[in-house]
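Each residue of the sequence shown is one higher than the last, beginning at 4 in the working numbering.
Here a beta-carbon is modelled for each residue, glycine too, at the ideal position from N, C-alpha and C.
Bear in mind the structure is a predicted one, so any value in this text is a computation, not a measurement.
This report concerns only the one structure given below.
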Amino acid sequence: MIPFNRLGWFFKHFGPSGYPSKAVEGLCDFLRPVANNAALLDLGAGTGVLSEFAYACRDDLQYSSLDPAEGMLRYAPAYIRTHKARAEALPFEEASFEVVLIGEALHHFQEPEKALAEIVRVLTRQGRLFIYEFDPGTFLGRSICFAEKIAGEPGHFYTPAVLKEMLEKHGFSVHVNRHGWRYTVHAQLK
Numbered sequence: 004m005i006p007f008n009r010l011g012w013f014f015k016h017f018g019p020s021g022y023p024s025k026a027v028e029g030l031c032d033f034l035r036p037v038a039n040n041a042a043l044l045d046l047g048a049g050t051g052v053l054s055e056f057a058y059a060c061r062d063d064l065q066y067s068s069l070d071p072a073e074g075m076l077r078y079a080p081a082y083i084r085t086h087k088a089r090a091e092a093l094p095f096e097e098a099s100f101e102v103v104l105i106g107e108a109l110h111h112f113q114e115p116e117k118a119l120a121e122i123v124r125v126l127t128r129q130g131r132l133f134i135y136e137f138d139p140g141t142f143l144g145r146s147i148c149f150a151e152k153i154a155g156e157p158g159h160f161y162t163p164a165v166l167k168e169m170l171e172k173h174g175f176s177v178h179v180n181r182h183g184w185r186y187t188v189h190a191q192l193k
């Protein structure tokens, strides 16, 4: 297993470089129609890198982050309420968030289908979901998948088409944007 509890400093300083500018611009576009003061949950947030990108576009939202590694959460910015927990058992009431973000984390979830059901539970009607992931259908994506499995990680990597189908089964309308060997998903509950 990757010792995320000990890697907070590294991810805080080097994590942002893993996001292409088009993906960040896409996140800002995704957040544009969200109501003022809406509640946002960054799931598998690590140090809050994806929330920081979101905050640069929308500083009016109410930010929460969740990660099982306390050593990552301690590096989150002060404007983010942090929660130590797993995606498969979210410690929130139904319909608590208008937006959920997942950046480079879905493949680390132990039970992705259970996590998706939890996301649906905590999202409001017509809630929005943004996912940034590696595409295992590309050479670099396959390389990352292989390395993570060697490191003992769950390695639940999905091609854009497979993840789109999974999300549609959970009641989302889905749009995929490709960024080379990475991709983003803009989804909304129907």
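Out of the options, which one is the CA nearest neighbour of residue i?
| i | options | result |
| --- | --- | --- |
| Ala-38 | Gln-129, Glu-168, Phe-17, Ala-154 | Gln-129 |
| Ala-108 | Glu-168, Ile-134, Ala-81, Ser-99 | Ile-134 |
| Ala-190 | Ile-83, Val-103, Tyr-66 | Val-103 |
| Val-27 | Glu-96, Ile-105, Tyr-66 | Ile-105 |
| Arg-84 | Leu-43, Asp-32, Leu-192 | Leu-43 |
| Arg-131 | Pro-6, Arg-9, Gly-74, Arg-35 | Arg-35 |
| Asp-45 | Tyr-161, Lys-172, Asp-62, Ser-67 | Ser-67 |
| Ser-20 | Cys-31, Glu-55, Ala-81, Lys-152 | Glu-55 |
| Glu-101 | Ile-122, Ala-81, Ala-164, Tyr-82 | Ile-122 |
| Pro-23 | Leu-192, Lys-193, Arg-181 | Arg-181 |
| Lys-152 | Pro-139, Pro-163, Ala-164 | Pro-139 |
| Phe-33 | Arg-9, Arg-61, Gln-113 | Arg-61 |
| Lys-172 | Lys-193, Ala-150, Val-179, His-159 | Lys-193 |
| Val-125 | Gln-113, Phe-95, Gly-174 | Phe-95 |
| Thr-162 | Asn-40, Phe-175, Val-179 | Val-179 |
| Arg-9 | Ala-59, Asp-63, Gly-74, Leu-64 | Gly-74 |
| Asp-63 | Ala-150, Ala-41, Val-177, Leu-69 | Ala-41 |
| Ile-5 | Ala-59, Ile-147, Thr-127, Phe-137 | Ile-147 |
| Phe-137 | Gly-155, Ala-154, Leu-69, Phe-160 | Phe-160 |
| Gly-174 | Thr-127, Lys-25, Ala-154 | Thr-127 |
| Ala-59 | Val-177, Met-169, Pro-80 | Pro-80 |
How is the alpha helix (DSSP H) around residue i delimited, first residue to last?
| i | result |
| --- | --- |
| Arg-9 | Careful: Arg-9 lies outside any alpha helix (DSSP H) and carries neither H nor E. |
| Ser-99 | No alpha helix (DSSP H) contains Ser-99, which DSSP labels as neither H nor E. |
| Arg-145 | 142-153 |
Under the assumption that residue i contacts residue j (Cβ atoms under 8 Å), give the Cβ distance between them as a whole number of angstroms.
| i | j | result |
| --- | --- | --- |
| Pro-157 | His-111 | 6 Å |
| Phe-7 | Ala-72 | 4 Å |
| Ala-57 | Leu-76 | With a Cβ gap of about 17 Å, Ala-57 and Leu-76 do not count as contacting. |
Hey, could you find the ends of the beta strand (DSSP E) residue i is sitting in?
| i | result |
| --- | --- |
| Leu-109 | From DSSP, Leu-109 is part of no beta strand (DSSP E); its letter is neither H nor E. |
| Leu-170 | Here Leu-170 belongs to no beta strand (DSSP E); instead the alpha helix (DSSP H) covers 163-172. |
| Arg-131 | 126-137 |
| Leu-192 | 185-192 |
| Arg-181 | 175-182 |
Compute the minimum distance between the beta carbon of residue i and the heavy atoms of the ligand MG, and state whether it is under 7 Å.
| i | result |
| --- | --- |
| Leu-76 | Summarising the ligand content, the structure contains no ligands, and the ligand MG is consequently not present. |
Return the chain-ordered ranges of every alpha helix (DSSP H) run that is complete within the stretch 30-86 and spans a minimum of 4 residues.
52-60, 73-76
Hey, is the stretch 77-97 in contact with the stretch 115-130, meaning 3+ C-beta pairs nearer than 8 Å?
yes
Is there contact between the stretch 12-21 and the stretch 48-64, where contact requires at least three CB pairs shorter than 8 Å?
These segments touch.
Contact between the stretch 176-188 and the stretch 134-150 (3+ Cβ pairs under 8 Å)
yes
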